Every structure is written in structure tokens, then in C-alpha cells.
Amino acid sequence: MASSLTNNLYSGEQTRELDRRAIHDLRIPGTVLMKRAGRAAFEHACVLWPETRTWRVLCGAGNNAGDGYVFAALAAQRQHQVEIAYICPPDQLKDEAKAAYEYARQEGVAMAAFSAQDDLPEGAVVIDALLGTGLRGEVRPEYAAAIRWINASGAPVFALDIPSGLCANTGAELGVAVRAHHTITFIGQKIGLFTGRGPALTGTLAFADLDIPGEVYAGLAPVADRIDLPQLLSLVPERQADAHKGQFGHVMVIGGELGYGGAAILAAESAALSGAGLVSLATRSEHVSAALVRRPELMVIGVPSGQELEPYLERPTVLVVGPGLGRTPWSEQLLQQAFNSGLPLVLDADALNILAQRRIPLPGHCRWVLTPHPGEAARLLECSTQDVQENRIDAVQELHSRFGGVVVLKGAGTLIFDGVQLSVAKVGNPGLATGGTGDVLSGLIGSLIAQGLELVDAARLAVCLHGNAADLAVEETGMAGLQASELIPYVRELLKP
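Just so we're aligned, residue 34 is where the sequence shown starts under our numbering, counting upward by one.
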């Protein structure tokens with residue numbers, strides 16, 4: 034049966050190595066593992082669709098196909114209506130996949146070569162057992178036709194191990210990929226399920242370790258760890274009875290060029306309402322009144338130039354630079370002063386764009402958190418957004434290599450990398466795809482740094498708080514029209530002791 038998701042994420046090559054270790058080192062026959070996978074999938078499918086008795090299983094050529102043949106055999110044993118549509122002729126199957134085919138044949142499962150003209154029985158669930166973790170390059174035409182048929186069927190889709198056409202290592206869609214409603218993955222959780230196109234194509238995710246002993250995993254370091262809010266909330270400092278505001282830091286938000294004042298105000302409000310002891314906002318003078326009306330607790334200063342900002346940089350403990358900053362000479366002057374301050378920095382939005390243009394000298398330290406979305410990451414790396422999205426893991430690591438610090442590559446399956454540990458946060462929902470949500474995140478990261486968290490811990494916790502707050506918000510209001518400012522009360526709720 035499926036078990037809870039773990040924190041360890043592996044590449045496709047690593048999961049195949051785990052499979053090899055189980056077979057060759059522990060002498061667990063490959064057919065046994067395949068039958069365990071097929072059984073775990075069938076039992077989980079029966080939980081997902083308890084009334085369903087009709088299944089159409091699409092099988093490819095390798096071990097993934099073998100899992101599908103076992104699934105079909107078990108369905109036939111239960112007297113369910115099950116049919117297999119195969120891409121690879123059974124006489125070309127090898128090893129465990131061949132044995133699984135024989136198992137399904139002995140159980141009397143109906144089988145035929147796939148045809149795009151096939152009709153799907155009413156009420157059927159489609160089982161995707163076409164392609165697994167070994168896929169390299171774009172999906173071949175015969176498989177692409179089957180994937181398009183699945184996606185056009187309108188039926189519920191259950192993917193075995195990984196949706197066919199999804200890259201296990203990067204989360205990229207390799208030409209075309211199955212859009213699954215549910216996925217069950219085996220032995221090791223593939224990182225591609227958690228980032229890039231993975232979250233959109235995977236649906237809900239279950240994991241089955243197939244009763245592999247823990248010793249199989251020993252010595253094989255995961256490529257990343259999956260983070261979520263419960264494991265990180267303990268990082269929030271406890272407040273003693275005699276606490277005072279000075280113990281929780283001073284965040285200064287720098288931004289808000291003419292026409293963009295709201296972004297800086299959102300970041301400052303986010304910092305204030307997530308626990309920072311003091312919050313300042315350095316912005317255009319035209320925005321001072323609006324900020325004070327919105328949040329009178331903020332210390333708001335109008336700064337006409339970088340020189341005017343310099344005296345105010347003696348008190349903050351962390352600077353959040355970039356929300357609404359713009360790309361004007363005023364913007365560059367303020368960013369240069371922030372660089373000169375020597376303080377820890379959170380850089381977002383136009384601070385990243387100015388950084389990408391190399392228009393001002395870099396600071397002598399890299400005590401910063403960079404928070405690019407894919408477009409900003411592309412500008413920093415001098416490539417296209419598509420290049421970033423096709424391999425988000427390489428992109429976040431290259432950003433760290435060039436700029437140091439902690440990098441938060443936002444998007445579906447946000448990645449956080451500090452040069453040592455890669456973390457993946459599959460949190461939040463498409464409601465976050467609206468202006469201002471990144472400003473709320475940058476203010477939140479700054480607040481947690483001010484309260485004493487290490488840069489990477491602040492980034493990890495903030496990303497999870499931000500995503501979970503979005504989930505709570507859409508439960509009440511729905512995704513369409515979610516506003517960035519609506520996230521902040523839910524962040525406060527999540528931060529309750």
C-alpha cells in the first residue's frame with residue numbers, strides 16, 4: 034500500500050540504482066518488486082475510485098509497462114473489466130516486463146495494440162504505464178499519440194511511477210506528457226514530480242517504498258530534500274515573558290519608485306505582521322502618506338536619493354530591496370547604498386533586474402537571499418525563461434555559483450539552494466499567480482532573518498508559510514482574484530504558537 038511522502042528526493046538514475054541494489058545486493062527478485070509495485074498501485078487505485086470496476090491500461094516496453102501488466106492481472110483476479118492497449122508488441126518485451134505480461138495473459142486480460150481510434154468504456158479509469166524514469170529526449174511519435182489520446186479521453190488518469198513524458202530529473206515536459214489526476218511513485222520519490230511541470234502533471238501524489246529495507250538507501254545521498262511547514266515551524270523563536278522589540282530585529286524595505294509604491298508597502302506590511310520588532314520603509318516621498326494610512330506602525334521615510342538614504346542604514350538589521358524599486362538612477366542609487374551597508378540583504382524584483390544588468394558594482398559579501406521568478410532568473414543567467422524552466426535544478430545551482438548566498442527560485446515547486454543543500458517546496462497554488470505575492474514573500478523572509486534565523490532557514494520557512502497561507506486563502510475565497518494582501522493574515526494564523 035501507499036505510505037506517507039518522505040523528505041528524500043532522488044533523480045531517475047538514483048531510483049534505478051536503488052532498484053539495482055535491492056535486486057543484486059539483497060537478492061530480491063525483480064519480478065517480486067514489480068508485483069509489489071503493481072499491487073500497491075491497484076490497491077491505491079481502489080481507494081481512489083472505490084466504485085470503479087472498469088480499467089484501461091496503456092503499456093509501453095520497460096519496467097513501467099510491467100507494473101501496468103501486473104495491475105491489469107490483479108484487476109482481472111477481482112473480476113473487474115480490464116483491457117490493455119500496448120505500444121510495444123508483447124513478443125518484444127524482456128525480463129521482468131515479459132514475466133508480467135505472461136501473468137496478465139494467464140489471468141485472461143484482454144490485450145490489443147493501441148489505436149488512436151479506440152473507444153473508452155463508460156466509467157473507465159485510464160492507467161498510464163507507458164514511460165518511466167529512463168526516458169531521454171522527446172517522446173517518440175507512437176508514444177506521443179497514446180499520450181495525446183489519454184489527455185483527450187476526459188477520463189480519470191492514474192500514472193504509475195511518473196506521468197509518461199515527464200522528466201524524472203528536471204520536471205520538464207519532454208515534448209508531450211500525460212496529465213494525471215493521481216500518481217503513485219515507487220522506491221524513491223523523483224525530484225521531477227515536485228518542480229517544473231511536475232506539480233501540474235502529477236495530480237495528487239502517493240509513494241510506495243515496496244518494502245525495500247532501509248539499508249538499500251544507505252550511502253546514497255538524495256539530490257534534494259522536500260520541505261513542508263510542520264518540520265520548519267520550530268525555527269520560529271519563542272517569545273519570553275520579558276521580550277522587547279529590539280530582540281526581533283529591524284527590517285528596512287527599500288523600494289517604491291513612482292507608480293510602484295504598493296509593492297514596497299506590501300513587503301513592509303508583510304514584515305511587520307510576521308513578527309519583526311521594527312519595520313522601516315524607504316520610498317519615494319509621494320508614497321509616505323499612503324504607507325502611513327495603510328499601516329501607521331511603519332516608520333516611513335521619503336528619500337530623494339541614495340545619499341539621503343545613507344544615514345538611515347545604521348539602525349536596521351536586514352534590508353529588503355527591490356519591491357517596486359524600478360530601474361531608474363534613483364533605483365540604482367538606493368541599491369548601491371544597500372550594497373555598501375554590509376547588512377544582510379533580501380533582493381527581489383527590480384533589484385535583481387539591476388543586478389542582472391551589471392549596472393552597479395557587487396557588494397563585497399554575499400550575505401543575501403535572491404528571490405527570482407523564472408523570468409528574473411533568466412535575465413541573471415543571460416538565457417531564456419524556457420531554458421530556466423527546462424532545468425530548474427541546474428538554474429538554481431548556477432545562480433548560486435554566479436552570485437552566492439541563498440537562491441530562492443520561485444514557481445511551481447520552489448527551489449532553495451545555499452550551495453550545500455537543495456530544498457524543494459511543493460506548496461501553494463495558482464492563486465499566487467498575481468501581482469504582489471512575491472513582495473509579501475520578500476518581506477516575510479526579511480522578517481524571519483531579523484528575528485534571528487539563518488538566511489537559508491528564513492528562506493525555507495518563508496516559502497512554506499507563503500504557500501500554506503495561499504492554500505488557506507483559496508479554501509475560503511477561491512483562486513480567482515486572490516490578492517497578495519490577503520495572504521498576510523493567514524501567515525499570522527500559521528505563526529501562532
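Heads up, the beta-carbon is just placed ideally off N, CA and C, and yes, glycines get one too.
Note that this is a predicted model, so its numbers are computed, not measured.
Ala297 and His398 have their C-alpha atoms roughly 24 Å apart. In this structure, DSSP gives Cys92 an extended state, which the three-state scheme calls strand. Three or more Cβ pairs closer than 8 Å define a contact, and the region 128-137 falls short of that threshold against the region 161-170. Taking C-beta separations shorter than 8 Å and ignoring five residues to either side along the sequence, the partners of Ala143 in its chain run Val115, Glu116, Ile117, following chain order.
Following the DSSP letters along the chain, one finds Ser313 inside the beta strand (DSSP E) bounded by residues 311-316. Its chain contains Leu299, Gly469, Thr470, Val473 as the residues whose beta carbon lies nearer than 6 Å to that of Ala517, once the 5 sequence neighbours on both sides are disregarded; these appear in chain order.
Asp161 is positioned such that its CB atom lies closer than 8 Å to that of Leu91. Checking the DSSP bridge columns, you'll see Ile117 partnered with Val90, Met144. By the C-beta criterion, the region 348-366 is judged to be in contact with the region 273-285, since at least 3 inter-stretch pairs fall below 8 Å. In this structure, the beta-carbon distance from Leu385 to Pro405 falls below 8 Å. If the five residues before and after Gly289 are omitted, its C-beta is found closer than 6 Å to the C-beta atoms of Ala297, Thr316, Arg317, His320, Gly357, all from its own chain and listed in chain order. Taking a 10 Å sphere around the C-beta of Gln150, we find fewer than 16 other C-beta atoms and assign the residue as exposed. Close CB contacts of Ile387 within its chain, under the 8 Å cut and outside five residues either way in sequence, are with Leu358, Arg360, Ser364, Glu365, Leu368, Ile393 (chain order). Fully enclosed beta strand (DSSP E) runs of no fewer than 3 residues occupy 332-335 of the region 313-350, in order along the chain. In this structure Lys459 is buried. Its beta-carbon is surrounded by 16 or more other beta-carbon atoms within 10 angstroms.
Straight across, the Cα-Cα distance linking Leu266 with Val354 is about 25 Å.
Where Thr48 is concerned, the enclosing alpha helix (DSSP H) starts and stops at 45-53.
Here Thr237 carries a strand assignment [DSSP, helix/strand/coil].
Taking all protein chains in view, the Cβ of Val439 is crowded by 16 or more other Cβ atoms within 10 Å, so the residue is classified as buried.
Looking at the backbone, the Cα of Tyr250 and that of Pro337 are separated by about 58 Å.
Under DSSP, the beta-bridge partners assigned to Met285 are Ser313, Leu352.
Taking C-beta separations shorter than 6 Å and ignoring five residues to either side along the sequence, the partners of Ile56 in its chain run Gly63, following chain order. For Ala411, the enclosing alpha helix (DSSP H) stretches over residues 407-414. In this structure the region 255-264 touches the region 444-462; the number of beta carbon pairs closer than 8 Å is three or more. Per DSSP, His277 is not a residue of any beta strand (DSSP E), being assigned neither H nor E. Under the three-state reduction of DSSP output, Ser197 falls in the coil class, being neither helix nor strand. Sequence-distant partners of Pro246 (beyond 5 residues in either direction) whose C-beta falls short of 7 Å from its own C-beta, in its chain, are Leu59.
Beta bridge pairing from DSSP links Glu206 with Leu199. Burial check for Thr228: the Cβ neighbour count within 10 Å reaches 16 or more, so the residue is buried. Bounds of any alpha helix (DSSP H) do not take in Ala458; it lies within the beta strand (DSSP E) bounded by 455-458. When rounded, the separation of the alpha-carbon atoms in Ile183 and Asp152 is 11 Å. In this chain, Ala491 is not harboured by any beta strand (DSSP E); it is covered by the alpha helix (DSSP H) spanning 488-510. In the DSSP assignment, His215 falls within the beta strand (DSSP E) that extends over 215-219.
C-alpha of Arg89 to C-alpha of Gly101: approximately 10 Å in a straight line.
Rounded to whole angstroms, the gap between the alpha carbons of Asp52 and Arg72 is 17 Å.
A straight line joining the alpha-carbon of Glu423 with that of Glu206 spans about 8 Å.
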